[in-house]
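In my numbering, the protein residues as written are 1318 to 1622. Backbone N, C-alpha and C define an ideal beta-carbon position, used for all residues, glycine too. For clarity, every value in this text was computed on a predicted model and none was experimentally measured. In what follows, a single structure is set out as C-alpha cells and then discussed.
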Ligand code: HMG
Ligand code: MG
C-alpha cells in the first residue's frame, strides 16, 4: 500500500448512546445492559454507554444511572457518557463513569435546539463540567457538532468550528470529536476541515464522528486515516441519528468500519465473531433490520460468517 495509514486505531462505540437516543422503540434497561456487556466482550476499548442529560429531552436514555450500575465492566474498557451540565456531572460521578463527554455545536441554531443555550452561554457550563470531571480523575471528551454542516444554517465555516474546539481544549478537554451530525460531508470537505483543524490541534487529539446519511461516512474516514487520525466513533449496525437534527441518520457502522480496516495492517483489537454476536443481539432487541452492510450480509446467511 503506498498510502501510509496508522498502525492502530481506536474505535469508540457510540451506539448505546447516539444510536439508542434516536430509536423509535425504547429498549428496556436489561436489554441495554445485555447489549453493552456483549460489546465489552468484542475487544472494543471505548464504549459510550448513555447520557446524563435531561430525561425530558431524551426519554430513551432516562435510565442512564441504572445502566451504568448494571453493566459488567471489563478491565481495560473505558465506559463514557454524555454530560451537559453540573447536574449531569453529579449523576455521572455517582454512576462511576470512566470518561465524561461534553458537547456543543459549531452553529448557533443547532446549539440552541440541542441544549437550549447560545454558544457563548454554553462555554462556562461546559468549563465547569470539564474541570469537575478532571478533578475527579476522569478522561474528558469534547464533542463539536455540525462541524461539516448544520440542519438549520447549512454551511458552517471550519474556522468557527475550530474556535469552538480550541475553547473546549483551553478549558481542559482531552480530545475533540468532530461531528458530521447530519452526514453531509464528502472526502473533499473532510480534507478541508482537517486542513483547518490540524493547523492548531495535534492529530492525536482529533476524533472523527461521521454519520452516514448520504453513504459517505466510510469515504470520509479514509481521508481521516490518510491525515493520520487514529480515533473514530461508530455505532454497531449503523444505529443512530440526532433527535435535534432533522433528517440525521445513523453513525457509520462499527461492523462496516471493522471490515474496511481488515487486512490493512491497522490494529483495532476487535474480534469479528464477538462483534457479530453483539450485532445479532442488537437486531433482536431493536426489532428491525439494521442499516449496515455487514448486518445485511450476515442476516442473509443466518448470522453465520
Ligand atoms: P433546559 O430545559 O434548558 O435546562 O435543558 P434546565 O436547567 O432549565 O432544566 C430543565 C429540567 O431538566 C429541570 O427539571 C432540570 O432539573 C432537569 P424540572 O425542574 O423541569 O423538573 N435537568 C436534568 N435532569 C437530569 N439530568 C440533567 C439535567 N439537567 C437539567 N443533567 C439541557 C438544558 C442541556 C439539560 C437539555 O437541553 C438537554 O438535556 N439536552 C440534551 C440534548 C441531547 O442529549 N441531544 C443529543 C446528544 S448531542 C448529539 O447527538 C450529537 C453528537 O452525537 C455529535 C454529533 O453527531 O455531531 C454528540
Ligand atoms: Mg452523533
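Q: Report buried or exposed for residue 1458, applying the criterion of at least 16 other Cβ atoms within 10 angstroms of its Cβ.
A: buried
**Q.** Those runs of the beta strand (DSSP E) which lie wholly inside the segment 1493-1539 and span at least 3 residues
**A.** 1523-1527
(Q) Which residue wins for smallest C-alpha separation from residue 1380, given the options 1392, 1622, 1405, 1461? (A) Each of 1392, 1622, 1405, 1461 was checked against the Cα of residue 1380, and the nearest Cα belongs to 1405.
Q. Considering only the beta carbon of each residue, do residue 1570 and residue 1551 sit closer than 8 Å?
A. yes
Q.
So the candidates are 1441, 1327, 1423, 1596; which of them puts its Cα closest to the Cα of residue 1470?
A. 1423
(Q) For the pair the segment 1396-1413 and the segment 1470-1479, tell me if three or more CB-CB distances fall below 8 Å. (A) In this structure the segment 1396-1413 does not touch the segment 1470-1479; the number of beta carbon pairs closer than 8 Å is below three.
Q | DSSP-derived helix/strand/coil call for residue 1544 | A | DSSP places residue 1544 in coil when its eight states are reduced to three.
**Q.** Beta-carbon proximity check, residue 1395 vs residue 1350, cutoff 8 Å
**A.** Not a contact, by the Cβ cut-off of 8 Å.
Q: Kindly list the residues whose CB is nearer than 7 Å to the CB of residue 1566, restricted to its own chain and excluding five residues on each side of it in sequence; keep chain order.
A: 1500, 1528, 1529, 1530, 1558
Q: Pick out whichever of 1553, 1376, 1468, 1486 has its Cα sitting closest to the Cα of residue 1365.
A: 1553
(Q) Classify residue 1460: buried if its beta carbon has 16 or more other beta carbons within 10 angstroms, exposed otherwise. (A) buried
**Q.** CB-CB length for residue 1417 against residue 1400, believed under 8 Å
**A.** With a Cβ gap of about 4 Å, residue 1417 and residue 1400 count as contacting.
**Q.** DSSP-derived helix/strand/coil call for residue 1399
**A.** strand
Q.
I'd like to confirm the pairing. Which residues does DSSP put opposite residue 1459 in its beta bridges?
A. Its beta-bridge partners are 1419, 1493.
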